[in-house]
Each structure stands twice: as C-alpha cells, then as structure tokens.
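First the structure, in the form of structure tokens, and then the observations on it.
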Amino acid sequence: MYNKIQGNLSNNYYNNLNNIDTLKTTTSKNEINKNLDTPIESDTIEINENNKDIINGKKAQDAYADTLVAFTDKRYPCGSGTQDITGVLATIASFAQSEGIVFSPSSSLLNHLDDLAEFGKKFSLIKPNLVPSDFFTFCEEYKSNLIKYDYK
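If you want it as structure tokens, here you go:
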C-alpha cells in the first residue's frame with residue numbers, strides 16, 4: 009500500500025512538473041506574441057555591422073564563390089589524376105605553410121593571397137607542373153571580388 013501511494017505521489021509530482029513546464033512555455037510564447045500582428049514561429053539571428061568578423065567572413069565566402077564560377081570546368085594535373093582550382097590552391101597553401109607562410113585569422117585575406125601568389129611564382133620555378141598560370145588569375149580575381157564585396 010505504501011509503495012502504491014508513493015508511486016502515485018511520484019507520478020503526480022512529475023506530471024505537475026511537466027504541466028508547469030508546458031504552462032511556462034505556453035505563457036511565455038503568449039506573452040511574446042500578444043503584441044505582434046503575426047506570431048513568431050521560429051528564432052532568427054540579426055547580424056549588424058558590429059559583427060565585423062561575421063560580415064567579413066560572409067563577404068569572403070561570397071567573393072570566393074563568385075571567383076570559382078570562372079574556374080568550374082577547368083581541371084589541372086595532380087599526381088595521377090586531376091583537380092580543380094581549389095585543389096591547386098590547397099596544394100600551394102600547404103607547401104607555403106611548410107615554408108613558414110601561415111595564414112592567420114588576424115591578418116588580411118588580401119595580404120594572404122598576395123603572399124600565396126608570390127610563393128606560387130617562386131614555387132613554379134621548382135615545380136612548374138603544380139602551379140598552373142590560372143592560379144595567378146584565380147588569386148587576382150579573388151582579390152578583385154573581395155574588394156568588390158568591400159572585404160576589410
């Protein structure tokens with residue numbers, strides 16, 4: 009009998025907690041929505057100009073996507089296969105990093121592209137098959153698009 013009473017009390021306790029949580033959720037949604045013409049069904053994030061890193065990241069991403077369009081159908085030799093321009097960029101960046109040229113998030117992407125292009129010129133003297141002429145065109149177009157998107 010004692011166990012049955014304790015079980016009922018325990019079940020009632022948890023049911024009451026669930027009801028309170030449901031009530032709180034419903035009440036807070038109603039409080040938020042009561043002054044609105046249309047109720048809020050989902051959360052949103054507002055990004056303003058104070059979020060410089062986020063804004064710049066988005067600008068860099070858009071500039072990169074726009075630049076890639078011109079190189080979409082081009083393939084470049086890589087080992088026993090081929091790769092697109094992103095593979096070339098990654099390969100040269102990897103070799104540059106092994107030579108001490110490291111991109112830091114606190115430095116400008118524009119400067120980093122200049123550093124990569126400069127490294128690419130020197131690297132092409134040693135490994136010309138790994139640095140297609142399109143690499144330099146890609147770097148210039150990417151920089152141009154960054155400037156167009158007002159990347160800072």
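Number 25 in the working numbering belongs to position 17 of the sequence shown; there are no gaps in the numbering.
Glycine included, each C-beta is placed from N, C-alpha and C at the ideal position.
Three-state secondary structure assigned by DSSP to residue i
i             : result
threonine 52  : coil
alanine 78    : coil
asparagine 64 : helix
serine 152    : helix
tyrosine 22   : With a pLDDT of 48 at tyrosine 22, under the threshold of 50, the modelled position of that residue is not reliable, and no figure is offered here.
aspartate 158 : coil
lysine 12     : Any reading at lysine 12 is ruled out, since the residue's pLDDT is 49, under 50, leaving its predicted position unreliable.
C-beta atoms of residue i and residue j nearer than 8 Å
i              : j                 : result
leucine 124    : alanine 104       : yes
glutamate 149  : alanine 78        : yes
isoleucine 100 : phenylalanine 131 : yes
isoleucine 109 : phenylalanine 127 : yes
aspartate 74   : arginine 83       : no
lysine 151     : leucine 121       : yes
Residues bridged to residue i [DSSP beta-bridge criterion]
i           : result
cysteine 86 : Gly89
Integer-rounded CB distance, given that residue j should sit under 8 Å from residue i
i           : j             : result
lysine 67   : aspartate 142 : Not really, about 23 Å apart at Cβ, beyond 8 Å.
proline 136 : valine 96     : Not really, about 13 Å apart at Cβ, beyond 8 Å.
Original post:
Which full runs of the beta strand (DSSP E) of 3+ residues lie inside the segment 95 to 138, going along the chain?
Top reply: None, since the segment 95 to 138 contains no complete beta strand (DSSP E) of that length.
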